[in-house]
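Residue numbers (the numbering used here): 1 to 405.
Glycine is no exception: its CB is placed at the ideal position from the N, C-alpha and C atoms.
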């Protein structure tokens, strides 16, 4: 299959370039990435210590007896206090808060990586759709050009009296079908490129861009069991689920730490009736009723939920790989059927029919039937090849890496 012609001056991008552009510029992914520094900011908040408190009071101020204000009043009558208090956290609350925040950041980072995996598949799928649109347009233009020659020959034969006017009109009317195919293929190509541009980030590529490459067949390699083992190591959604178990355990530790009672301590300097003194205060809540039992119980169940969720994702990963592998195998078998001889047979049939019709050896019906069969076979082959390439991309997404055996 010859490579399709591109518009003059068009910027060509390969599949890997398209994926890189999407990962760097897709607005949705960029928005999701901000959740990681947001979580890192929460780590800073979690690691902060309580602020000390500054207290001041002044009593016995003779506001309603202004004439009583004097140095003697300030020294011997008024009372004023100034002090500093601090909350001492027990149970390593700050360390547990920080660890819980860090574990949540790790989960968020893996979730962002999984979003990149999904976006990569979407870009590859749309890239293949653009390749298919280019290939279909190329086929439509080639068919139109070839059939135009047939129309020209038909006109010559009609003028020479070899065919009837009815046959000549039938062939001329068939030209409309090929012209319509070209118009439809052009619209499909524009739509495919626009959809791809949206995934890449609209401003990341110029309006006049095109996909480089062509639909091609590459044999499926590797065993499904090996791919499943690789997926268990590579899939970021499974990694996020497993990190979720660690995060749930951190929440249990934080809940238990929050059940410990904190100590409030304060020291005051007091001046009362001319006497200066110092006071110390310590306050400890008595954990009779509230020991954070409910949150401890909730986080314990949340850990079980995280473990079940991880096992569910693990089963999903195994199923995804097996389904994608089976789909790739089936699509590969279909492509190999076309390559085994059907493509050449359809092309030979059209060429023989065209030559025989030009020589007057076959009927118009036979020639048109051969032309339709060739066109249908070529379109079906391109569809099958695109479906196979898409199933390979689906397998890559299921495994979690683009590096397959």
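For residue i, does the count of other Cβ atoms within 10 angstroms reach 16, so buried, or fall short, so exposed?
| i | result |
| --- | --- |
| residue 290 | exposed |
| residue 285 | exposed |
| residue 128 | buried |
| residue 331 | buried |
| residue 176 | exposed |
| residue 400 | buried |
| residue 148 | exposed |
| residue 342 | exposed |
| residue 12 | exposed |
| residue 225 | exposed |
| residue 57 | exposed |
| residue 277 | exposed |
| residue 418 | Within the shown structure, residues of the chain are numbered from 1 to 405, placing residue 418 beyond reach of any answer. |
| residue 218 | exposed |
| residue 163 | buried |
| residue 52 | exposed |
| residue 136 | buried |
Measuring alpha carbon to alpha carbon, tell me which of the options ends up nearest residue i.
| i | options | result |
| --- | --- | --- |
| residue 280 | 270, 288 and 286 | 270 |
| residue 201 | 373, 83, 30 and 103 | 30 |
| residue 295 | 304, 259 and 330 | 259 |
| residue 27 | 179, 56, 310 and 204 | 204 |
| residue 406 | 60, 152 and 24 | Outside the displayed range of the chain (1 to 405) lies residue 406, so it cannot be described from this structure. |
| residue 244 | 186, 16, 107 and 11 | 107 |
| residue 180 | 143, 348, 367 and 12 | 143 |
| residue 352 | 373, 328 and 339 | 373 |
| residue 125 | 159, 16, 87 and 78 | 16 |
| residue 120 | 78, 40, 137 and 25 | 25 |
| residue 208 | 215, 216, 196 and 218 | 196 |
| residue 251 | 191, 366, 101 and 159 | 101 |
| residue 78 | 334, 62, 84 and 172 | 62 |
| residue 206 | 216, 213, 193 and 276 | 193 |
| residue 307 | 267, 344, 404 and 246 | 246 |
| residue 130 | 241, 57, 375 and 211 | 211 |
| residue 235 | 282, 262 and 113 | 113 |
| residue 152 | 136, 173, 300 and 134 | 173 |
| residue 189 | 169, 231 and 134 | 134 |
| residue 146 | 381, 339, 375 and 398 | 375 |
| residue 227 | 392, 292, 46 and 161 | 392 |
| residue 272 | 47, 45, 54 and 82 | 82 |
Using a Cβ-Cβ cutoff of less than 6 angstroms, which residues in the same chain neighbour residue i once the five nearest sequence positions on both sides are dropped?
| i | result |
| --- | --- |
| residue 123 | 18, 19, 22 and 199 |
| residue 139 | 378 |
| residue 402 | 396 |
| residue 410 | Given a span of 1 to 405 for the chain in the structure shown, any question on residue 410 remains unanswerable. |
| residue 302 | 248 |
| residue 223 | none |
| residue 370 | 349, 350 and 353 |
Identify, in the order they occur along the chain, each residue of the same chain with its Cβ nearer than 7 angstroms to the Cβ of residue i, setting aside the five sequence neighbours on each side.
| i | result |
| --- | --- |
| residue 257 | 91, 92, 93 and 96 |
| residue 305 | none |
| residue 329 | 220 |
| residue 38 | none |
| residue 389 | 128 and 215 |
| residue 254 | 96, 97 and 100 |
| residue 261 | 90, 284, 285 and 287 |
| residue 115 | 29 and 32 |
Which residues mark the beginning and the end of the beta strand (DSSP E) in which residue i is found?
| i | result |
| --- | --- |
| residue 260 | Unbroken run through residue 260: none, as it is neither H nor E. |
| residue 121 | Segment 93 to 160 is the alpha helix (DSSP H) holding residue 121; no beta strand (DSSP E) there. |
Who are residue i's beta bridge partners in DSSP?
| i | result |
| --- | --- |
| residue 275 | 272 |
| residue 81 | 57 and 270 |
| residue 265 | 86 and 282 |
| residue 13 | 211 |
First and last residue of the alpha helix (DSSP H) that includes residue i?
| i | result |
| --- | --- |
| residue 304 | 293 to 337 |
| residue 178 | 165 to 200 |
| residue 28 | 27 to 33 |
| residue 227 | 224 to 234 |
Within a Cβ cutoff of 8 angstroms, which residues of the same chain sit near residue i, ignoring the five residues on either side of it in sequence?
| i | result |
| --- | --- |
| residue 184 | 140 |
| residue 383 | 132 |
| residue 387 | 331 and 334 |
| residue 43 | 98, 101, 102 and 105 |
| residue 314 | 232, 238 and 241 |
| residue 322 | 224 and 228 |
Is residue i close to chain D? Criterion is C-beta to C-beta, closer than 9 angstroms.
| i | result |
| --- | --- |
| residue 39 | In summary, chain D is missing from the structure at hand, where a single protein chain is found. |
Could you check whether the Cβ of residue i sits closer than 8 angstroms to any heavy atom belonging to the ligand SAM?
| i | result |
| --- | --- |
| residue 109 | Within the structure as shown, the ligand SAM is missing, as the structure has no ligands at all. |
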